[in-house]
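Sequential numbering of the sequence shown, starting at 108, is according to the working numbering.
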Amino acid sequence: MAFASVYPHYINKAERKGRTKAEVDTIICWLTGYTPKALQQQIDKKTNFETFFEKAPRLHPNVSKITGLICGYRVEEIEDPLMQKIRYMDKLIDELAKGKAMEKILRA
Numbered sequence: 108m109a110f111a112s113v114y115p116h117y118i119n120k121a122e123r124k125g126r127t128k129a130e131v132d133t134i135i136c137w138l139t140g141y142t143p144k145a146l147q148q149q150i151d152k153k154t155n156f157e158t159f160f161e162k163a164p165r166l167h168p169n170v171s172k173i174t175g176l177i178c179g180y181r182v183e184e185i186e187d188p189l190m191q192k193i194r195y196m197d198k199l200i201d202e203l204a205k206g207k208a209m210e211k212i213l214r215a
């Protein structure tokens, strides 16, 4: 599945709750280490999730602090590394949509 096909859903989910595209981009860049320009390049290339995370400069060192349920699964217990990274992103976007402060979302 292409990251670019899911990305607009992240934006829509955030915007429906009064948050912004810029906040979504900040979260994704924090998680993956992409710059905003590199993130846009991945979207333009219609990169799939596997390649998106393989090419990511680095996962944030605080990624282990992302815990909780997403789609009925505890993100910290997901065994498939790719699925876990996807669910980390889902969890962060959910937190944004629920009105959580950015410094808490980014585990600052």
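The C-beta atom is built at its ideal place from N, Cα and C for all residues, glycine as well.
The way I'd put it, the region 128-146 does touch the region 198-209; three or more beta-carbon pairs between them come closer than 8 Å. Each of Lys120, Ile177, Ala208 and Thr142 was checked against the Cα of Tyr195, and the nearest Cα belongs to Ile177. Inter-residue distance for Gln148 and Ala163 is about 12 Å (C-alpha atoms, whole angstroms).
The beta carbon of Val113 sits closer than 7 Å to no other beta carbon from its chain once the five residues preceding and following it are set aside. In this structure Leu138 touches His167 by the C-beta definition: roughly 6 Å separates them, less than 8 Å. Ranked by Cα distance from Thr142, the first of Ala208, Lys207, Phe159 and Met209 is Phe159. Leaving aside the five residues that flank Arg214 on each side, the residues in its chain whose CB is nearer than 6 Å to its CB run, in chain order, Asn169 and Lys172. Taking Arg181 as the centre and dropping the five residues before and after it, the same chain places the C-beta of Thr174 and Gly175 closer than 8 Å to its C-beta, in chain order.
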